[in-house]
Every structure is written in C-alpha cells, then in structure tokens.
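Peer 1: Below is one structure. I have some questions about it.
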Amino acid sequence: MPLYDYRCHACDKVFEARHRFDDPSPACPNCGSVDVQRVILAVPLVTKGMSASLGANATKDQLREKWAEETPKLREKLVSKLGEDTVNRNAPTLNATYD
Ligand SMILES: [Zn+2]
C-alpha cells in the first residue's frame, strides 16, 4: 500500500499513514481526530524543481512566470488522475498564482 502524508486539522500535526486511496482517512496518532487531510507532496516538489531548473538566482518574476506555465499542466495531470474534487481539496495552491 502507498504511504501518504496527512495533516490533522485539530492539532496541525503532520503524520504518515499507509492505506488504500479509497479507504476512509486514518485517525491522527497525536489526538485521535479523524479530521485529517491528505497532503499531496507533488506541489512543493514542483516548486522546488522550478527553483532548481531556474537556478538559485532566479527572480520572483521568473518563478512566477514558470509557476504560471507549469501549474496548469500539473493540475490537469492531477485532475485526470484524482478527480477535480480531490485536487481542489488537497491542492488548493494549484488554483492560486505564485506569490
Ligand atoms: Zn491531531
């Protein structure tokens, strides 16, 4: 089974849990709350990859431009894989512009 990262809404702890994609969310090991949200790691990785491909001295404008170029593609890929609802819930930053 794949390993997912979750963030607990009640205590803000991030934890890892192994379970199937369509299973109900696991409970938080810290406080027992089931009000948890899966963290999709692709998003920060993409941002990091963008910085790496542009170099350490990339300006904010360059990053913003790259973000505007890459994000719709990534979003499209995730939507086709996970569905629109899941992406909106788990990766709201993909709807935003780079800041
Ligand atoms: Zn918790």
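Letter by letter, the sequence shown follows residues -2 to 96 of the working numbering.
Cβ coordinates follow ideal geometry from the N, Cα and C atoms, glycine included.
(1) In chain order, what residues of the same chain lie with their CB nearer than 8 Å to the CB of Gln59, ignoring the 5 residues before and after it?
(2) Using alpha carbons as the reference points, say which of Arg15, Lys10, Arg72 and Arg17 lies closest to Gly29.
(3) Starting from the N-terminal end, write out each residue whose C-beta falls within a distance shorter than 6 Å of any non-hydrogen atom of ligand 1.
(4) Measuring straight from C-alpha to C-alpha, what distance separates Asp2 and Pro23?
(5) Could you give the distance in angstroms between the alpha-carbon of Gln34 and the alpha-carbon of Cys5?
Peer 2: So, from the listed chains and residues:
(1) Leu51
(2) Lys10
(3) Qualifying residues come out as Cys5, Ala7, Cys8, Lys10, Cys25, Asn27, Cys28 and Ser30.
(4) 11 Å
(5) 6 Å
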